[in-house]
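In mature numbering (1 follows the signal peptide of the UniProt record, and there is no 0), the protein residues as written are -48 to -1, 1 to 164. All C-beta atoms in this analysis are idealised placements derived from N, C-alpha and C, irrespective of residue type, glycine included. Take a look at the structure set out below.
The structure is reproduced here in structure tokens:
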């Protein structure tokens, strides 16, 4: 009976030892899994931080796009000279263009520009009963009206026009019209062009007949 009792005690002791070892093994595996999971989370966080830092532009690396300056001269709208003023003080600037015809630049308001080719062989212009042809280029919107005022302040009707032109080799901003004007008297003539969104004037200093 004593030996049997001892054998039973030994079996129970062995069972308890095995149970403890199994629990310890499970605990170790659990700890290993937790450690691996924490390491994976840490790696993911580090990668996310690197990715965010690499795609976020810094202020110094961001390109700056500058708007065009409104003061930049337009090559198609050159300044021919000091713009004219009432009473021809000064008269509107006239230069001879590359096509051989004199070109005049008007004085615009509200940002309008006005250029005109004068179908004449010589400048300065001289008083004549002949009709001088002008080809106008003016910016803005709407149809154009032309008002001519002689040196005495009398309004004159153009001999013809304005006539709208289609295709043209006259390269200045805006739309193109042609008019005929008789500059019959010497002195300062005013040619006023009006559109619904712009006005411009040309002051022509016309010499006596013969240009003297």
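Taking the C-alpha atoms as reference points, what is the distance between residue i and residue j?
i	j	result
residue 65	residue 56	11 Å
residue 109	residue 159	21 Å
residue 75	residue 69	12 Å
residue 122	residue 41	28 Å
residue 152	residue 82	25 Å
residue 154	residue 140	10 Å
residue 150	residue 135	25 Å
residue 73	residue 53	7 Å
residue 97	residue 88	11 Å
residue 49	residue 106	31 Å
residue 99	residue 143	6 Å
residue 37	residue 94	25 Å
Can you name the residues that DSSP bridges to residue i?
i	result
residue 158	139
residue 87	69, 130
residue 151	61, 146
residue 78	159
Drop a sphere of 10 angstroms on the beta-carbon of residue i, count the other beta-carbons inside from all chains shown, and report buried for 16 or more, exposed for fewer.
i	result
residue 148	exposed
residue 34	exposed
residue 161	exposed
residue 129	buried
residue 30	exposed
residue 79	buried
residue 112	exposed
residue 198	The question about residue 198 has no answer here: the residues shown for the chain are numbered -48 through 164.
Just confirm the distance between the C-beta atoms of residue i and residue j, as a whole number of angstroms; I'd bet it's less than 8 Å.
i	j	result
residue 77	residue 156	6 Å
residue 127	residue 90	7 Å
residue 44	residue 61	Not quite, the Cβ-Cβ distance comes to about 14 Å (not below 8 Å), so this is no contact.
residue 114	residue 131	5 Å
residue 86	residue 133	6 Å
residue 67	residue 116	The Cβ separation is near 16 Å, so there is no contact.
When you measure from the CB of residue i to every non-hydrogen atom of the ligand SAH, does any distance come out below 7 Å?
i	result
residue 65	As presented, the structure is devoid of all ligands, the ligand SAH included, so that no description of it is given.
**Item:** Sequence ranges, alpha helix (DSSP H) only - wholly within the stretch 31 to 59, length at least 4
**Value:** Here no run is fully enclosed.
**Request:** Note down, one range per segment and in chain order, each beta strand (DSSP E) of at least 3 residues found wholly within the stretch 85 to 123.
**Result:** Here the runs fully enclosed are 97 to 101, 112 to 116.
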